[in-house]
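Comments concern the structure below.
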Amino acid sequence: MRKVAVALAALALLAGCSAPQQWGAPPDSKPVQPRPAGVQDPAVLPSSSAAPANCDPLASLRPGALPPPGQPPAGSSMAKIVQRGRLIVGVSQNTYLFGHRDSRTGELVGFEIDLAREVARALFGDPTKIQFRAMSAAERIPALKNGEVDLVVRAMTMTCDRWQEISFSTEYFTGGQRLLVPVDSPVKSIDDLGGKKVCAAAGSTNITAIAAAKSKPIPVAATDALDCMVLLQQGQIDAVSTDDAILAGFAAQDPATHVVGPAFAAAPYGIGIGKANADLVRFVNGVLEKVRADGTWTAIYQRWLSSLGPAPAPPVARYQA
Amino acid sequence: MATVHTPLHAAPGPAAPQQRAANRSDPAAAVAPRSPAVPLDRRAPSRLPDRPLGARVGLRRRALAWLRRTPGILALMTAVLVGLGVAAGTAGIGAVRERAALVSGVAAANGPLVLAAQDLYRALSDADATVASAFLLGGAEPAALRTRYREDLAAASDALVRLAGGATAEAAAAPTRRIAANLPVYTGLVETARTLNRQDLPLGAAYLREASALMRDALLPAAQDLYLAVSAQLATARDDASAVPWLALPLALLSLIGLVAAQVFLARRTNRVFNVGLVAATAAALVAVLWLGVAWFGAAGHLSASRRDGSAQVELFAQARIAALQARGDESLTLVARGAGAAFEKRFTETMKRLAGDDGTGGLLGQARARATDGASRAAVDQAIADVKQWRDLHKRIRELDDSGRYPEAVTLAVGADEASAGGVFNRLDEDLARGLTDGGDRFAREVRAAGTALRGVAGGLGVLMTLVLVGVLVGLGQRVLEYR
Numbered sequence: 500m501r502k503v504a505v506a507l508a509a510l511a512l513l514a515g516c517s518a519p520q521q522w523g524a525p526p527d528s529k530p531v532q533p534r535p536a537g538v539q540d541p542a543v544l545p546s547s548s549a550a551p552a553n554c555d556p557l558a559s560l561r562p563g564a565l566p567p568p569g570q571p572p573a574g575s576s577m578a579k580i581v582q583r584g585r586l587i588v589g590v591s592q593n594t595y596l597f598g599h600r601d602s603r604t605g606e607l608v609g610f611e612i613d614l615a616r617e618v619a620r621a622l623f624g625d626p627t628k629i630q631f632r633a634m635s636a637a638e639r640i641p642a643l644k645n646g647e648v649d650l651v652v653r654a655m656t657m658t659c660d661r662w663q664e665i666s667f668s669t670e671y672f673t674g675g676q677r678l679l680v681p682v683d684s685p686v687k688s689i690d691d692l693g694g695k696k697v698c699a700a701a702g703s704t705n706i707t708a709i710a711a712a713k714s715k716p717i718p719v720a721a722t723d724a725l726d727c728m729v730l731l732q733q734g735q736i737d738a739v740s741t742d743d744a745i746l747a748g749f750a751a752q753d754p755a756t757h758v759v760g761p762a763f764a765a766a767p768y769g770i771g772i773g774k775a776n777a778d779l780v781r782f783v784n785g786v787l788e789k790v791r792a793d794g795t796w797t798a799i800y801q802r803w804l805s806s807l808g809p810a811p812a813p814p815v816a817r818y819q820a
Numbered sequence: 005m006a007t008v009h010t011p012l013h014a015a016p017g018p019a020a021p022q023q024r025a026a027n028r029s030d031p032a033a034a035v036a037p038r039s040p041a042v043p044l045d046r047r048a049p050s051r052l053p054d055r056p057l058g059a060r061v062g063l064r065r066r067a068l069a070w071l072r073r074t075p076g077i078l079a080l081m082t083a084v085l086v087g088l089g090v091a092a093g094t095a096g097i098g099a100v101r102e103r104a105a106l107v108s109g110v111a112a113a114n115g116p117l118v119l120a121a122q123d124l125y126r127a128l129s130d131a132d133a134t135v136a137s138a139f140l141l142g143g144a145e146p147a148a149l150r151t152r153y154r155e156d157l158a159a160a161s162d163a164l165v166r167l168a169g170g171a172t173a174e175a176a177a178a179p180t181r182r183i184a185a186n187l188p189v190y191t192g193l194v195e196t197a198r199t200l201n202r203q204d205l206p207l208g209a210a211y212l213r214e215a216s217a218l219m220r221d222a223l224l225p226a227a228q229d230l231y232l233a234v235s236a237q238l239a240t241a242r243d244d245a246s247a248v249p250w251l252a253l254p255l256a257l258l259s260l261i262g263l264v265a266a267q268v269f270l271a272r273r274t275n276r277v278f279n280v281g282l283v284a285a286t287a288a289a290l291v292a293v294l295w296l297g298v299a300w301f302g303a304a305g306h307l308s309a310s311r312r313d314g315s316a317q318v319e320l321f322a323q324a325r326i327a328a329l330q331a332r333g334d335e336s337l338t339l340v341a342r343g344a345g346a347a348f349e350k351r352f353t354e355t356m357k358r359l360a361g362d363d364g365t366g367g368l369l370g371q372a373r374a375r376a377t378d379g380a381s382r383a384a385v386d387q388a389i390a391d392v393k394q395w396r397d398l399h400k401r402i403r404e405l406d407d408s409g410r411y412p413e414a415v416t417l418a419v420g421a422d423e424a425s426a427g428g429v430f431n432r433l434d435e436d437l438a439r440g441l442t443d444g445g446d447r448f449a450r451e452v453r454a455a456g457t458a459l460r461g462v463a464g465g466l467g468v469l470m471t472l473v474l475v476g477v478l479v480g481l482g483q484r485v486l487e488y489r
């Protein structure tokens, strides 16, 4: 009984199969397109709070005299850090030359890492009393607001919007947002990218700038700007757009790409600090004054960023009135 | 031919049986006046003048009259008993052969396919975890990890080929195709990441993240679907193989009842209680029914044990092994993410809870412990539980080190292969679980083999017994029919 049923079912199956499986029919397959986790295409734009009209995003708090290492004023934010025994700093581990992982030693290295170590040196007299916490662009402000980290030194553009939520040190690097495209691409500037996909890190000012461009490119957001580079190499996007120094780091990793076009958005980098820790802002600004003056800034620049050209003069500090 | 006469049996005396036999025919005699034979005969000329119909009526009348007489009844009985015997025999043989085929299918195809699906999932997860920890070690990756990754790929490809060849379930086709399409893309991304890492370029880590996303979003879910499909295929085959033979068993019982009824009838109609032919046929039918029942019951019992002690255990161990692997991968990724790994750490905690419960004795390992039926598998589970406990302690220490800024020490404690590091403990745990899995697989194979043995020879035996039934019926009743000539 069952056998008959099975035989009938098999016959029915054979009859059913004979139609679609003809000779020369196209195979039932399509190519796999992998993607880094967390890509948004098109990007969800970061919300912007209303900034006061008379805001200067570059103006920070004026520093006082630096206390000697290991002897911060009692009750200050610095005293808490010294008592803890280490400075906790949010950084990138994917931004070549600014903050990246040395694959031989596993240690984080780069321009921003060395700068953060200078703050630790001023606090403890020891640049190794520091704990790095790698984070994505979108994680920076939440980490500062809930006190997970003392500082964020991670290519953070100083904006009036962000001043609403956190504080910044004075400017420590001047970047400008540009484009990275394959060397054989006809694209010369953001104006050539209308309707094309342009990628930047989620939660960065770069995404906002791409969306605001007159040519109306399609913004694509990735967890990390480096994920954009993967997308570009795989032909899934037309250009990466972030700050020139970071793009130079990307181009250094792939000779088949180059940085093009004028900077279409300013990107002054400041060290992010929690809104409540005004004393720490003043202390960090004091450290920055010192490294600008004694040549440390230039030495660090030359160590990491010489591929961008000779070291310029350090950015001039601006203070709130 | 020894026929036993009634005096040996009937208490009321020699005359009684004849009297009873006569009485027994009374109902038939009482029916006779009402039976159509007489009235039809009387009315036939007036109502039905045409001859063909009249002839047919006559034939029917003669047949009915003949059937009313003992030889007719005996002939009818013979036909019914022979028919029942043939039907029951054919159904029984068919049922046994079908179940035997299903059992050998379970042993040779369905069981191994489930194992292949588990191998596939494990090999893929292991490849992902291995690549993550190789990255953590940085620079020139250790030869042992590189070898392990290559072995994982070989195991995954092998399992995939076995599955593609053997899985007939409709639901297996799409995931098999998905894995075949994605696996080379995955390995391509890993090799790209590897090349970039060796050049000290951070882009390598980005490719690794993309590879890992492909593994977790496409490959592992497809491997899971494939596993579910072949598991369902195994469950169906096992259910069919242990199904009650609903056609054969009632037919065989009916044939047995028919034989007994025939003997009761004969004993009442004639003065002989036993008819050797029918007694032999009854005995053969009884043996056939019992054998069929016992064989079915035995096979079903072994098949159920093959699930309970075999494949269910294997599944628990396989799930535990995969959970351990995922936890291991998350432990590495938490360190790779370097502070941005809260999501991995959360998943580590959840996976460990699924593996061993809150206190280390629950979860999958707790279930496996409760189900372990022999000393060896109990020992394997106990060792695994102890390893998980040690691992959790080490993990706590790793997190403390990382959270207090001692990252290099945390990495050393996590990736070391010695007994005192998380890597070493994980390897030992993996071996314990693999041992438990192999034990379960052996028990599965043993029980399925036993189910096959329970069904072996039954079809041939049923054939012989049913032939005996037929011979007994023909000889026994044939003798009686001949006596009326």
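These protein sequences, in sequence, are chains C and R. Using the numbering used here, read the first sequence as starting at 500 and increasing by one per residue. Using the numbering used here, read the second sequence as starting at 5 and increasing by one per residue. The C-beta atom is built at its ideal place from N, Cα and C for all residues, glycine as well.
Counting along the chain, the unbroken beta strand (DSSP E) around Q676 of chain C starts and ends at 665–681. With respect to A720 of chain C, D742 of chain C sits apart: the two C-beta atoms are not nearer than 8 Å.
If you draw a straight line from the Cα of A637 of chain C to the Cα of G569 of chain C, it is about 33 Å long.
According to DSSP, A766 of chain C shares a beta bridge with C:G674. Classified as buried, G456 of chain R has 16 or more neighbouring CB atoms from the shown chains inside 10 Å of its CB. Considering only beta carbons, the part of the region 194–228 of chain R lying closer than 9 Å to chain C consists of T196, L200, N201, R202, Q203, D204, L205, P206, L207, G208, A209, A210, Y211, R213, E214, A215, S216, A217, L218, R220, D221, A222, in chain order.
Annotation: Q630 of chain C is outside any alpha helix (DSSP H); the continuous beta strand (DSSP E) that includes it extends over 629–633. Distances from the CA of V264 of chain R to each of R:V477, R:G170, R:L486, R:V468 were compared; the closest alpha carbon is that of R:V477.
Contact check for V107 of chain R against A360 of chain R fails: the beta carbons are separated by 8 Å or more. With a contact defined as Cβ atoms closer than 8 Å, R213 of chain R and P535 of chain C qualify at about 6 Å. Contact check for N186 of chain R against A222 of chain R passes: the beta carbons are separated by less than 8 Å.
Around the beta-carbon of W395 of chain R, 16 or more other beta-carbon atoms lie within 10 Å, marking it buried. Around G598 of chain C, the same chain offers V590, S591, Q592, L607, G609, E611, I612, R653 as residues with beta carbons nearer than 7 Å, after the five sequence neighbours per side are excluded. With a cut-off of 8 Å on Cβ pairs, the region 305–314 of chain R is in contact with the region 445–452 of chain R, counting three or more such pairs.
Across the set C:L804, C:K696, C:A558, the C-alpha of C:K696 shows the shortest separation from the C-alpha of A542 of chain C.
Check the Cα spacing between Y125 of chain R and each of R:T180, R:D446, R:L307, R:S246: the tightest is with R:T180.
Among the CB atoms of chain C, none fall inside 8 Å of the CB of A241 of chain R.
Check the Cα spacing between K715 of chain C and each of C:T722, C:I706, C:R561: the tightest is with C:I706.
Distance from the CA atom of A104 of chain R to the CA atom of V234 of chain R, rounded to whole angstroms, is 20 Å. Within the same chain, Cβ atoms closer than 8 Å to the Cβ of F269 of chain R are found at I77, M81, the five residues on either side in sequence being excluded.
Counting C-beta atoms within 10 angstroms of its own C-beta, A374 of chain R has fewer than 16 neighbours from the protein chains shown and is therefore classed as exposed.
Contacts with chain C at 8 Å (Cβ-Cβ) do not include A113 of chain R.
For N186 of chain R, the chain C residues whose C-beta falls within less than 7 Å of its own C-beta are V531, listed in chain order.
Rounded to whole angstroms, F749 of chain C and G444 of chain R show a C-alpha spacing of 52 Å. Residue environment analysis places F301 of chain R among the exposed positions, since fewer than 16 neighbouring C-beta atoms fall within 10 angstroms of its C-beta. Cβ contact annotation for I736 of chain C (same chain, cutoff 6 Å, sequence separation greater than five): K696, C698, V719, L730, in chain order. In this structure the region 673–684 of chain C touches the region 750–761 of chain C; the number of beta carbon pairs closer than 8 Å is three or more. With its beta carbon at least 8 Å from every one in chain R, Q539 of chain C lies outside the interface.
At a beta-carbon threshold of 7 Å, the residues of chain R lying near P535 of chain C are A210, R213, E214, A217, ordered along the chain. Shown here, T353 of chain R sits in a helix according to DSSP, grouped into three states.
In the structure shown, the three-state DSSP call for N114 of chain R is helix. Not one beta carbon of chain R lies nearer than 8 Å to the beta carbon of M577 of chain C. Chain R places a beta carbon closer than 8 Å to that of Y595 of chain C, counting this residue as a contact. Straight through space, the alpha carbons of A388 of chain R and A380 of chain R are spaced by roughly 12 Å. Burial check for R603 of chain C: the Cβ neighbour count within 10 Å stays below 16, so the residue is exposed. The beta carbon of D625 of chain C sits no closer than 8 Å to any beta carbon of chain R.
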